[in-house]
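Okay, so the sequence shown: first residue is 6 according to the numbering used here, each after it adds one.
Note that beta-carbon positions come from the ideal geometry of N, C-alpha and C, so glycine has one too.
These numbers were taken from a predicted model, which means no experiment stands behind them.
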Amino acid sequence: MFGYLRPWAAELKVWEAQLYRAAYCGICRAMGRQTGQLSRLALQYDAATLALAWLADEKEPGRMEKRCILHPFHRHPELPPSPAIQAAADVCALLAWYKCCDARLDRESLRASAGALFLRPAVRRLNRNPDTASLLRRNMELLDEMHRLEKESCSEIDRMAELSGELLAAAVTAWPPLTGKDTEAWDWLGRQLGRWLYLTDALADREKDREKGRYNVLLLQNSEPTEVVETARQAALWAAGQAPVAWDLLPHRGLSAGIIENVLKITLPKALERAVALRPLFVKGSIDEPV
6 MFGYLRPWAA
16 ELKVWEAQLY
26 RAAYCGICRA
36 MGRQTGQLSR
46 LALQYDAATL
56 ALAWLADEKE
66 PGRMEKRCIL
76 HPFHRHPELP
86 PSPAIQAAAD
96 VCALLAWYKC
106 CDARLDRESL
116 RASAGALFLR
126 PAVRRLNRNP
136 DTASLLRRNM
146 ELLDEMHRLE
156 KESCSEIDRM
166 AELSGELLAA
176 AVTAWPPLTG
186 KDTEAWDWLG
196 RQLGRWLYLT
206 DALADREKDR
216 EKGRYNVLLL
226 QNSEPTEVVE
236 TARQAALWAA
246 GQAPVAWDLL
256 PHRGLSAGII
266 ENVLKITLPK
276 ALERAVALRP
286 LFVKGSIDEP
296 V
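So this is what it looks like as structure tokens:
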């Protein structure tokens with residue numbers, strides 16, 4: 006996830022933006038309880054998207070107002086503890102650790118190494134939890150496979166994107182209440198979002214990776230660069246088109262449903278086009294950007 010799966014601010018209603026931030030704050034507090042205070046530094050807005058997707062069939066998730074270390078003098082709304090908020094907190098900590106491990110192996114980054122070290126206690130806690138231990142093992146297997154292929158300079162775009170899809174699908178289906186047909190739809194949604202994320206990230210980083218000599222599957226193709234970019238763009242567009250199809254198979258009559266549709270139908274295509282054009286996803290001072 007990490008930066009892309011966020012609603013487009015200009016298209017949100019005021020109360021939807023408030024609900025989104027309340028989910029973010031609820032997950033932050035849940036991470037402090039479940040995975041340790043340091044893990045809260047790794048919180049991303051994408052986790053709020055995941056929690057609200059899981060809550061999309063609830064009419065009113067409920068809210069409370071509390072103070073926190075960043076807002077000690079003013080109460081602010083946050084969603085109370087719930088299975089969805091707690092699961093999103095666990096998944097956020099795990100994905101943050103995976104991201105740090107991946108960056109450390111790929112780029113030998115001091116910052117990534119420090120992040121992995123700070124998140125290690127959180128991972129130990131999750132490994133002791135039966136519900137998250139299996140997710141941790143499965144995702145580590147997928148990451149090991151991705152790293153192996155990267156070391157071998159794998160040039161198969163579809164194979165690398167599919168591994169990313171499997172990783173996110175495992176995280177999205179980690180919430181225990183998911184059963185039956187709902188699990189199949191969530192799995193398909195996670196797979197397509199994971200594919201879209203991998204392709205969009207590869208498109209956005211292609212010039213940086215070329216300059217620094219880092220692995221990027223798009224740089225290993227034999228075709229013309231413009232043709233490679235268009236091939237990746239079309240594959241990402243297909244995945245982005247499949248995500249709303251999977252979403253429509255799921256029950257979502259609650260207040261947060263519109264937020265998730267914003268992400269799937271507005272953010273995905275806009276972020277992809279910015280990645281293709283090598284434009285930054287976030288433009289300081291602009292309202293035409295994600296939350």
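The alpha carbon of Leu24 has as its nearest neighbour, out of Glu65, Arg34 and Ala15, the alpha carbon of Glu65. Counting only runs that start and end inside the region 149-179, the alpha helix (DSSP H) elements of at least 4 residues fall at 162-177. When beta bridges are read from the DSSP output, Glu83 appears opposite Met69. With a cutoff of 8 Å on beta-carbon distance, Pro12 and Thr205 are scored as not near each other. For His257, no pairing in a beta bridge is given by DSSP.
Apart from sequence neighbours up to five positions away, the residues of its chain that approach Ala207 with a beta-carbon distance below 7 Å are Asn221, Val222, Leu223 and Ala237, ordered along the chain. In this structure Ala35 touches Pro86 by the C-beta definition: roughly 6 Å separates them, less than 8 Å. Across the structure, Thr137 and Ser158 are spaced so that their CA atoms are roughly 31 Å apart. In its chain, beyond the 5 residues on either side, His257, Gly259, Ser261, Ala262 and Ile265 have a beta carbon closer than 7 Å to the beta carbon of Ala61. Boundaries for Arg45: no alpha helix (DSSP H) harbours it, and the DSSP string shows neither H nor E there.
Only residues of its own chain outside the window of five on either side were considered, and among them Arg45 have a CB closer than 7 Å to the CB of Gly37, listed in chain order. The three-state reading of DSSP puts Pro135 in helix, counting H, G and I together. Under DSSP, Trp13 shares a beta bridge with Pro295. Straight across, the Cα-Cα distance linking Arg215 with Leu48 is about 29 Å. DSSP, read as helix, strand or coil, puts Pro77 in strand. Going by DSSP, Asn227 is part of no alpha helix (DSSP H) at all; its letter is neither H nor E. Setting aside the 5 residues that flank it on each side, Gly67 is surrounded in the same chain by Pro85, each with a C-beta closer than 6 Å to its C-beta; the list follows chain order.
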